[in-house]
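**Q**
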Amino acid sequence: MQSSDKEVVFRPRAGFLRAVLLFCLFFPALSVAKPGLQQEAYPTMVIAIGQKELSQDLQGVSLDLATVQQTLTKALTKKGFRIVEAPALEAEKLRQANLAGASGNTLSAAIEAASHLADIMLVGQAVAQDNGAHPYNARLHSYGAFLSAKVYETGSGRLLASGSAEANVPHHSFAIGSQRAMQKAADKLTQELSEQIGKVRPNRCDDLDVALIVEGLSFGQIKSLRNHITGKVKGISRFTKKHFLRGRADIILGWNSCDVMGLAERLDGITVKSDRLEILEVRGNSIRGRIVPGPDPKPVPSYAKRTTDSKVDDNEDNEIPIPDIRIDNPEIPADEPRIALVIGNWTYKSSPLTNPQHDASAMAKALRAVRFQVIHRENLSRKSFHHAVREFGDRIHKGGVGLFFYAGHGMQVKGKNYLIPVGSDIAREDEIVDEAVDMSLVLRKMETAKNRLNIIMLDACRNNPFARSFRSATRGLARIDVPMEMEMFIAYATAPGDVAADGTGKNSPYTKAFVDNVQSPGLSIEQLFKRIRISVSKETRGRQVPWESTSLRGDFFFKTGD
Numbered sequence: 001m002q003s004s005d006k007e008v009v010f011r012p013r014a015g016f017l018r019a020v021l022l023f024c025l026f027f028p029a030l031s032v033a034k035p036g037l038q039q040e041a042y043p044t045m046v047i048a049i050g051q052k053e054l055s056q057d058l059q060g061v062s063l064d065l066a067t068v069q070q071t072l073t074k075a076l077t078k079k080g081f082r083i084v085e086a087p088a089l090e091a092e093k094l095r096q097a098n099l100a101g102a103s104g105n106t107l108s109a110a111i112e113a114a115s116h117l118a119d120i121m122l123v124g125q126a127v128a129q130d131n132g133a134h135p136y137n138a139r140l141h142s143y144g145a146f147l148s149a150k151v152y153e154t155g156s157g158r159l160l161a162s163g164s165a166e167a168n169v170p171h172h173s174f175a176i177g178s179q180r181a182m183q184k185a186a187d188k189l190t191q192e193l194s195e196q197i198g199k200v201r202p203n204r205c206d207d208l209d210v211a212l213i214v215e216g217l218s219f220g221q222i223k224s225l226r227n228h229i230t231g232k233v234k235g236i237s238r239f240t241k242k243h244f245l246r247g248r249a250d251i252i253l254g255w256n257s258c259d260v261m262g263l264a265e266r267l268d269g270i271t272v273k274s275d276r277l278e279i280l281e282v283r284g285n286s287i288r289g290r291i292v293p294g295p296d297p298k299p300v301p302s303y304a305k306r307t308t309d310s311k312v313d314d315n316e317d318n319e320i321p322i323p324d325i326r327i328d329n330p331e332i333p334a335d336e337p338r339i340a341l342v343i344g345n346w347t348y349k350s351s352p353l354t355n356p357q358h359d360a361s362a363m364a365k366a367l368r369a370v371r372f373q374v375i376h377r378e379n380l381s382r383k384s385f386h387h388a389v390r391e392f393g394d395r396i397h398k399g400g401v402g403l404f405f406y407a408g409h410g411m412q413v414k415g416k417n418y419l420i421p422v423g424s425d426i427a428r429e430d431e432i433v434d435e436a437v438d439m440s441l442v443l444r445k446m447e448t449a450k451n452r453l454n455i456i457m458l459d460a461c462r463n464n465p466f467a468r469s470f471r472s473a474t475r476g477l478a479r480i481d482v483p484m485e486m487e488m489f490i491a492y493a494t495a496p497g498d499v500a501a502d503g504t505g506k507n508s509p510y511t512k513a514f515v516d517n518v519q520s521p522g523l524s525i526e527q528l529f530k531r532i533r534i535s536v537s538k539e540t541r542g543r544q545v546p547w548e549s550t551s552l553r554g555d556f557f558f559k560t561g562d
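Quick note on UniProt numbering: the sequence shown kicks off at 1 and runs consecutively.
1. Can we say the stretch 441-460 touches the stretch 389-408, given the rule of at least three CB pairs closer than 8 Å?
2. Residue 176 by DSSP, collapsed to three states: which one?
3. At what residues does the beta strand (DSSP E) containing residue 558 begin and finish?
4. Under the DSSP definition of a beta bridge, which residues are partnered with residue 255?
5. State the Cα-Cα distance for the pair residue 190 and residue 541, rounded to the nearest angstrom.
6. Measuring only the C-alpha atoms, how far is residue 407 from residue 360?
7. What is the rounded straight-line gap between the Cα of residue 293 and the Cα of residue 276?
8. Ignoring anything shorter than 3 residues or poking outside the UniProt domain "Caspase family p20" (336-465), list the beta strand (DSSP E) runs there in chain order.
9. Straight-line CA distance for residue 510 to residue 449?
10. In angstroms, rounded to a whole number, what distance separates the CA positions of residue 515 and residue 535?
11. Thinking residue 216 and residue 247 are a contact (beta carbons under 8 Å), I'd like their distance in whole angstroms, please.
12. Using a Cβ-Cβ cutoff of less than 7 Å, which residues in the same chain neighbour residue 422 once the five nearest sequence positions on both sides are dropped?
13. If residue 416 and residue 438 are in contact, beta carbons under 8 Å, what's the gap, nearest whole angstrom?
14. From residue 581 to residue 537, what distance separates their C-alpha atoms?
15. Give a yes or no on whether the C-beta atoms belonging to residue 412 and residue 367 are separated by under 8 Å.
16. Kindly indicate which residue of 225, 231 and 230 has the alpha-carbon position closest to the one of residue 278.
17. Beta carbon of residue 548, beta carbon of residue 480: below 8 Å?
18. Residue 510 bridges to which residues according to DSSP?
19. Where does the unbroken beta strand (DSSP E) through residue 569 begin, and where does it stop?
20. Tell me where the beta strand (DSSP E) around residue 480 begins and ends.
21. Quick check on the burial criterion: 16 or more other C-beta atoms within 10 angstroms. Buried or exposed for residue 245?
22. Could you tell me whether the Cβ atoms of residue 230 and residue 222 are closer together than 8 Å?
23. Is it buried or exposed for residue 507, if we count other Cβ within 10 angstroms and need 16 for buried?
24. Keeping to the same chain, check which residues put their C-beta closer than 8 Å to that of residue 357; ignore five residues upstream and five downstream.
25. Residue 180: beta carbon under 7 Å from a heavy atom of the ligand GDP?
26. Could you give the residue range of the alpha helix (DSSP H) that holds residue 525?
27. Looking at the secondary structure, which residues open and close the beta strand (DSSP E) in which residue 491 lies?
28. Assign residue 92 to one of three DSSP states: helix, strand, or coil.
29. Buried or exposed: where does residue 268 fall if 16 or more other Cβ atoms within 10 Å of its Cβ makes it buried?
30. Should residue 517 go down as buried or exposed, given a rule of 16 or more other Cβ atoms within 10 Å for buried?
31. Once you ignore the five residues that flank residue 441 on each side, which residues in its own chain have a CB closer than 6 Å to its CB?
32. Cβ atoms of residue 395 and residue 487: under 8 Å apart, would you say?
33. Where do the ends of the alpha helix (DSSP H) carrying residue 264 lie?
34. DSSP beta-bridge partners for residue 276?
35. Measure the C-alpha to C-alpha separation of residue 257 and residue 530 and round it to an integer number of angstroms.
36. Pick helix, strand or coil for residue 226, following the three-state DSSP scheme.
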């Protein structure tokens with residue numbers, strides 16, 4: 001690209017443009033499944049895209065860096081990358097650090113290794129220049145852009161990709177010409193970088209370090225626990241006792257999948273001499289359990305092998321095996337009263353949605369079919385939203401199971417989740433508290449009710465127009481910490497900080513998967529949502545991966561076995 005005396009150079013007084021783009025790479029999600037294990041169609045890598053502008057007006061025109069970001073997102077998405085917001089990486093790092101601190105120094109290194117978080121930073125320089133003739137001649141006038149970038153893995157310093165691109169666009173308008181040149185250069189550079197990154201072998205979860213913390217364990221039971229886990233749970237490659245003190249054992253398990261929830265399901269009920277292991281909590285790559293007396297009250301399904309009656313072709317959908325015999329956990333009887341509040345909002349002025357109307361109706365119908373009394377509300381204002389939650393709170397005082405489902409716009413600001421009512425006029429960030437509904441309102445109602453079980457389902461992670469201009473706002477929803485003193489199950493349509501699809505069909509992929517599977521008899525709530533996770537991930541080609549957080553100690557079945 002030839003320069004002229006009008007070539008743009010980054011000098012503050014000259015008022016020219018320089019862009020710094022920040023990329024962050026999350027953990028690779030799931031490895032290729034080993035023979036005999038359930039294969040989950042997760043993406044191989046997750047990328048967080050952020051941007052920081054260090055630019056001034058260029059002769060009165062600011063080049064839109066969002067176009068570069070959109071081009072990168074589109075190209076990488078086509079290659080199977082899942083795109084999330086950069087702040088989600090920091091939230092995950094903080095959570096892992098808190099887990100390490102709570103678990104003691106002996107587990108810090110293991111949890112850090114198990115987190116599979118790797119930063120990627122891309123530093124790029126953008127230069128726009130006027131290639132026009134002097135004096136001005138419209139036929140010879142053009143504008144050019146040059147982009148260069150290098151992608152490093154900050155943990156190792158490894159160079160993953162590098163490239164540069166330039167483009168010239170003839171145009172009489174500086175604003176249009178320079179932006180088109182920048183877009184064209186971004187297309188070229190994105191293609192080059194994404195091809196290089198796509199060839200980088202991600203760190204697959206073929207030997208994931210999982211921290212297992214067991215309380216109430218005697219020293220003599222450790223050998224029994226080791227023998228039962230290594231002998232009965234397929235996929236375990238290592239069992240390492242890191243620490244044992246006052247009945248608490250810190251153990252590192254080598255696990256050949258990224259599905260930590262699946263490992264917890266296999267561990268729950270493992271026999272330890274005359275006692276058994278009860279799993280209490282799963283957070284990140286840490287599983288917490290305790291030793292309780294007596295045999296396992298329910299049969300543990302064998303996930304690691306198929307029976308002759310359940311053979312499926314590798315090209316068919318993988319199903320979660322269901323045990324032939326099921327005994328309800330006495331903590332959550334099958335005949336407990338069930339109350340659900342189902343809300344669908346879609347008639348937004350600035351960004352109307354299509355699917356929540358059908359999602360709410362389909363969800364209400366599906367829940368009624370499994371014995372829920374349903375409060376169904378649509379297109380609620382903030383006042384009506386509060387009234388509906390109050391009615392729900394009053395009714396679950398008398399019930400055993402409470403379920404809250406919301407489909408519509410939602411957003412997180414400073415780590416707090418807000419649901420957007422219809423008719424909200426949110427122009428500035430400080431208006432969110434007055435215009436939106438704080439998700440903690442629903443949590444407080446459930447906590448006050450003190451009922452047997454609380455379920456929250458949020459299909460509210462769509463790309464929200466309100467959050468784009470707010471400095472503290474982040475795409476998607478924040479992770480809600482589940483109070484251990486409550487029996488609670490929280491399900492998100494996609495991972496925290498990520499965006500869910502509204503869907504091209506009548507229903508969103510998430511609601512459709514729930515409706516299709518909820519009447520399957522004998523599925524525990526964990527098994528049901530694992531099916532949903534597999535279905536949604538497969539339908540969206542890994543771009544949307546549902547997420548759950550739970551503190552359940554008992555079992556719950558939407559529909560009991562026949």
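Where a beta carbon is used, it is the ideal one built from N, C-alpha and C, also for glycine.
**A** With the structure as the only source:
1. Per the Cβ contact rule, the stretch 441-460 is in contact with the stretch 389-408 (3 or more Cβ pairs under 8 Å).
2. helix
3. For residue 558, no beta strand (DSSP E) encloses it, and the DSSP letter there is neither H nor E.
4. 208 and 236
5. 21 Å
6. Taken atom to atom, the span from the alpha-carbon of residue 407 to that of residue 360 is near 7 Å.
7. 6 Å
8. 338-344, 373-378, 401-407, 410-413, 416-419 and 453-459
9. 28 Å
10. About 12 Å.
11. 6 Å
12. 345, 347, 348, 379, 380 and 381
13. 7 Å
14. Past the edges of the chain, shown from 1 to 562, lies residue 581, and the structure says nothing about it.
15. no
16. Check the Cα spacing between residue 278 and each of 225, 231 and 230: the tightest is with 225.
17. no
18. Answer is none; residue 510 lacks a bridge partner.
19. Only positions 1 to 562 of the chain appear in the structure, and residue 569 is not among them; the question remains open.
20. Taken as a continuous stretch (DSSP letters only), residue 480 belongs to no beta strand (DSSP E), as it is neither H nor E.
21. exposed
22. no
23. buried
24. 344, 346 and 378
25. Questions concerning the ligand GDP fall outside what the structure shown contains, since it holds no ligand whatsoever.
26. Run containing residue 525: 525-539, per the alpha helix (DSSP H) assignment.
27. For residue 491, the enclosing beta strand (DSSP E) starts and ends at 488-492.
28. In this prediction, residue 92 scores a pLDDT of 49, lower than 50, which makes its location untrustworthy; no coordinate-derived value is stated.
29. When all chains shown are included, residue 268 counts as buried.
30. The residue is buried, with at least 16 neighbouring Cβ atoms inside 10 Å.
31. Here residue 441 has 389 as same chain residues with Cβ atoms under 6 Å from its own Cβ, once five neighbours each way along the sequence are excluded.
32. Note that the C-beta distance between residue 487 and residue 395 is not below 8 Å.
33. Where residue 264 is concerned, the enclosing alpha helix (DSSP H) stretches over 260-267.
34. 271 and 292
35. Going from the Cα of residue 257 to the Cα of residue 530 covers about 14 Å.
36. helix
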